[in-house]
Amino acid sequence: MTTQIFTSLDSTAFRTLLADCVTAAVKTEVAQLVQPQEPVKQILTRKETAELLNISLPTLHDYTKQGIIQAYRLGYKVRYKREDVLQALNAINYKK
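What follows is the structure in structure tokens.
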């Protein structure tokens with residue numbers, strides 16, 4: 006069972022109370038929208054690149070071998086630049 010509380014407020018007090026509630030709610034929402042976002046990662050792993058392109062790792066390997074996507078080796082690790090991947094994605098879409 007819920008408890009209901011009735012109070013009598015004059016119109017000025019009600020407007021002030023309502024304005025305070027709305028102001029608080031708006032400030033909360035604006036603060037959430039303005040929060041600094043995480044910077045976009047510029048160097049991607051093979052897995053991240055495959056997920057970005059929505060392809061499998063073997064397909065990514067084939068694209069790399071064919072020269073469609075430029076890969077960079079760091080020791081035994083393979084990395085991709087986000088900029089190169091997005092350019093390759095546009096090139097792949099234009100070919101279709």
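Taking this note's numbering, the leading residue of the sequence shown gets 6, the next gets one more, and so forth.
C-beta: ideal position from N, C-alpha, C; glycine also.
Three-state secondary structure assigned by DSSP to residue i
{"i": "Tyr68", "result": "helix"}
{"i": "Lys32", "result": "helix"}
{"i": "Gln92", "result": "helix"}
CB of residue i within 8 Å of CB of residue j, strictly
{"i": "Thr54", "j": "Val27", "result": "no"}
{"i": "Gln47", "j": "Lys86", "result": "yes"}
{"i": "Leu38", "j": "Leu94", "result": "no"}
{"i": "Arg84", "j": "Leu62", "result": "no"}
For residue i, the residue or residues it bridges with in DSSP
{"i": "Val83", "result": "Arg78"}
{"i": "Leu49", "result": "Tyr85"}
Counted within 10 angstroms of its Cβ, other Cβ atoms place residue i as buried (16 or more) or exposed
{"i": "Ala77", "result": "Going by the sequence as given, residue 77 is Tyr instead of Ala. With fewer than 16 other Cβ atoms within 10 Å, it is exposed."}
{"i": "Ile10", "result": "exposed"}
{"i": "Leu65", "result": "buried"}
Residue i beta carbon near the ligand FMN (any heavy atom closer than 7 Å)
{"i": "Thr50", "result": "For the structure depicted, the ligand FMN is absent and the ligand set is empty, with no information on it obtainable."}
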